[in-house]
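Asker: I have a structure here, written as structure tokens, and I will follow up with some questions on it.
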Amino acid sequence: MEENPMFLIIFVYMAILTVMAFVMMKIDKHQAQNRGQRIPEKNLWTVAIFGGGIGAYLGMMAFRHKTKHTNFRIGFLVLALLDGAFLIWSYQNFLPN
Numbered sequence: 031m032e033e034n035p036m037f038l039i040i041f042v043y044m045a046i047l048t049v050m051a052f053v054m055m056k057i058d059k060h061q062a063q064n065r066g067q068r069i070p071e072k073n074l075w076t077v078a079i080f081g082g083g084i085g086a087y088l089g090m091m092a093f094r095h096k097t098k099h100t101n102f103r104i105g106f107l108v109l110a111l112l113d114g115a116f117l118i119w120s121y122q123n124f125l126p127n
């Protein structure tokens, strides 16, 4: 019986976006501290919305970046929870029993 690669594809896609969002938060924090060129908020949100919510939330908390902004605190948390739920759902539905 052939295995369905869909979960692996979803997992790798979300892992890449999670790492990307985490790194973007680190870079933006560094740039903010050094008055450098910042990453636009719309770019942070775009990566988070398309699957990087976990990395965005973890990066926000790890680097204490954007934590005073309620829309980021709540929004990134909600996206992280949705991403986690989607990964669990994908695992349950795309891997063979």
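For the sequence shown, the residue numbers in this note's numbering are 31 to 127.
For every residue, glycine included, the Cβ atom is placed at its ideal position computed from N, Cα and C.
Quick check: the Cα distance between residue 39 and residue 105, rounded to an integer number of angstroms?
Answerer: If I take the Cα positions, the gap works out to 25 angstroms.
Asker: Just the Cα atoms here: how many angstroms apart are residue 31 and residue 126?
Answerer: Bear in mind that a pLDDT of 43 at residue 31, under 50, signals an unreliable position, so the number given afterwards is only what the model happens to contain. Going from the Cα of residue 31 to the Cα of residue 126 covers about 10 angstroms.
Asker: Of all the options 81, 72 and 49, which has the alpha carbon lying nearest to the alpha carbon of residue 108?
Answerer: Here the closest residue by C-alpha is 81.
Asker: Tell whether a beta-carbon distance below 8 angstroms holds between residue 55 and residue 99.
Answerer: No. Outside cutoff.
Asker: With DSSP collapsed to three states, give me the class of residue 82.
Answerer: Three-state result, residue 82: helix.
Asker: First and last residue of the alpha helix (DSSP H) that includes residue 73?
Answerer: Looking at the DSSP string, the run of the alpha helix (DSSP H) that includes residue 73 is 71-77.
Asker: So what does DSSP say about residue 31, is it helix, strand or coil?
Answerer: A caution first: residue 31 carries a pLDDT of 43, below 50, which makes its placement in the model too unreliable to give a value.
Asker: Any idea if residue 121 is buried or exposed, counting beta-carbon neighbours within 10 angstroms, 16 or more meaning buried?
Answerer: By the 10 Å Cβ count, residue 121 comes out exposed.
Asker: Can the beta-carbon of residue 85 be found less than 8 angstroms from the beta-carbon of residue 116?
Answerer: Result no, Cβ atoms of residue 85 and residue 116 do not sit closer than 8 angstroms.
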